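> Using mature numbering (1 follows the signal peptide of the UniProt record, and there is no 0), the letters of the sequence shown map in sequence onto residues -22 to -1, 1 to 354.
The beta-carbon is built from N, C-alpha and C at its ideal position, and this holds for glycine as well.
This structure is a prediction, so every number in the text was calculated from the model and none was measured.
One structure coming up, written as structure tokens, with questions to follow.
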Amino acid sequence: MIARAAFLLAALCASLLQAAVGDCVGGSCEAAAAGRVLLQRKQEAKTVVQQEEAQQHRRNRRVRRVDPGHTAAAAAWVATPFSDCVQCPAGSLQIRSVHCLRIFDGAAVAETLCAAYPKPAATKSCDCAELPCNANLTQMCVAPQGGGDEDLDVDFLDLGCYERVAGHAAPAPQAPPSAYDFSCMSYTGAVPCKSGVPFYSMRSNSMNPPMCYEFCTGKGLDIFALVDDVECRCGASAVNQNARAHQVDSQHLDFNLAALTLKQSDMGMCPLRVYRYAGHYEEGGVPYAQTQLLEEDETYLKSIFSGHLVTHLEDAAEGTKTVPPTPEPSLAQGEQTPEGYTRNCWPDNCGPGRGPWEDRVSATPAGVWERYHEYV
């Protein structure tokens, strides 16, 4: 029995070996083996090419070129923050408004101009056991409304190739030591500084639109451009109130497509290739989930808009600061007083130091519910 099992095992191994090398005699076995190795390498190379083509297709799909003169090129969905949880007939919901706005001036336009982009959801479910339900908002109740697929196939739009405005020189041959470019901080010219992309100057030896898109949207900025294909610069549209800290008078820094001139010839290097973020806006700007702002970035942006260097302790732009009240003598001398729960914190600040939220404004920012006295 053992001998028969050994015979069967030997026969099986022989058949497997024959299948591996094929029918060959003498030196032809080496040729057959070499042919199989060559075929395997060709198949691996074909797989690599297919993977590279798929990756290139995904990269190309992230950007779409549009006619900058078409009104849809300047339209985007702008969503207000979600409301408190509301007990509605259809269940507990948080509700917000979603409008189609022109990004360069914030004007409302027909929703058909935003139809090419996924519309963010106007409602989302909530639980009154987790969030307090507001009985005063029942008049806002609507049927549950979903939104489009917010995983955009197109992340940004190519608005075209433009000439740089007067005074916007070509990038220097030597890359700057830092991406924080302060050259527009004291600018007072009649045309937008740096052609409307006054923020940052990022260089890379592999510069491309997706890289510039990731960099600028990470800073909360929705306009970006490639200057001479080597420099990435960022800008802000009118609906992006978060980037400008809700300042109104910033025309010398705002991106204005009407102030640019299309490059007539497609030959040669593009002086200024402009793109814009194609997603929706939330709570006054690029959704926070897409940003990666550092404290240095916030200080930098406030410095550019303020026209002077802002320190990390200085939160407000010049002209919007409120002078903190003079400390009581007992507090200044370190003498303890009863808890200040009855202190009047409105309209003054009563926090430590200069007090919180020095840059409060009374005007309702674009895309925000009109429900508070002041906004920060």
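Which residue marks the beginning of the beta strand (DSSP E) containing Y158, and which one marks its end?
Numbered from 1 along the sequence shown, position 180 holds the residue referred to as residue 158. It is not in any beta strand (DSSP E) - Y158 carries neither H nor E in the DSSP assignment.
> Just verifying my parser: in three-state terms, what is the DSSP assignment at G69?
Mapped onto the sequence shown, residue 69 falls at position 91. In this structure, G69 counts as strand in the three-state DSSP scheme.
> Quick check: the region 180 to 190 against the region 202 to 212, are at least 3 beta-carbon pairs closer than 8 Å?
Contact between the region 202 to 212 and the region 180 to 190 is present, because at least three Cβ pairs lie under 8 Å.
> Since I believe P170 is in contact with D83 (beta carbons under 8 Å), could you give me their beta-carbon distance rounded to a whole number of angstroms?
Numbered from 1 along the sequence shown, position 105 holds the residue referred to as residue 83. Numbered from 1 along the sequence shown, position 192 holds the residue referred to as residue 170. Going by Cβ atoms, the distance from D83 to P170 rounds to 14 Å, so no, they are not a contact pair.
> Going by alpha carbons, who is nearest to L238 out of I282, G145, G257, A256?
The residue you call residue 238 lines up with position 260 of the sequence shown. The candidate whose alpha carbon is nearest that of L238 is G145.
> Specify, as a first and last residue, the run of the beta strand (DSSP E) that G213 falls within.
Here residue 213 refers to the residue found at position 235 of the sequence shown. Segment 209 to 213, the beta strand (DSSP E) holding G213.
> Between the C-alpha atoms of S75 and A52, what's the straight-line distance to the nearest angstrom?
Start at 1 with the first residue of the sequence shown, and residue 75 comes out as number 97. Start at 1 with the first residue of the sequence shown, and residue 52 comes out as number 74. Those two C-alpha atoms are separated by around 20 Å.
> In chain order, what residues of the same chain have a beta carbon less than 7 Å from the beta carbon of G263, not counting five sequence neighbours either side?
As a first step, residue 263 must be located in the sequence shown, where it is residue number 285. Around G263: G198, N218, Q219, N220, A221.
> Please classify Y95 as buried or exposed, where buried requires at least 16 other C-beta atoms within 10 Å of its C-beta.
Residue mapping note: residue 95 aligns to position 117 of the sequence shown, counting from 1. Per the 10 Å Cβ criterion, buried.
> Counting only the same chain and skipping the five closest in sequence on each side, list residues whose C-beta sits under 7 Å from that of D206.
Here residue 206 refers to the residue found at position 228 when the sequence shown is read from its first residue. A148, P149, M247, P249, listed in sequence order.
> Using DSSP with H/G/I as helix, E/B as strand and the rest coil, what is C92?
Taking the first residue of the sequence shown as 1, we reach residue 92 at position 114. The answer is helix: DSSP assigns C92 an H, G or I state.
> So, at 8 Å on beta carbons, what are the nonlocal neighbours of I282 in its own chain, with the 5 sequence-adjacent residues on each side left out?
Against the sequence shown, residue 282 aligns to sequence position 304. The residues are F160, C162, M163, P176, F177, L231.
> Kindly say whether Q229, judged by its beta-carbon, lies nearer than 9 Å to any beta-carbon of chain B.
This model lacks chain B altogether; it includes just one protein chain.
> Skipping 5 residues on each side, what residues in its chain have a beta carbon closer than 7 Å to that of L204?
Numbered from its first residue, the sequence shown carries residue 204 at position 226. Taken in chain order, the residues that qualify are M185, P187, C190, C210, R251.
> Taking 9 Å as the threshold (C-beta atoms), are I73 and C106 in contact?
For this step, residue 106 is matched to residue 128 along the sequence shown. For this step, residue 73 is matched to residue 95 along the sequence shown. Against a cut-off of 9 Å, the Cβ pair of I73 and C106 comes out as no contact.
> Can you tell me the Cβ-Cβ gap for T166 and T269, rounded? I've got them flagged as a contact below 8 Å.
Working through the sequence shown from its first residue, we reach residue 166 at position 188. Working through the sequence shown from its first residue, we reach residue 269 at position 291. At roughly 29 Å, the Cβ-Cβ gap does not stay under 8 Å, so T166 and T269 are not in contact.
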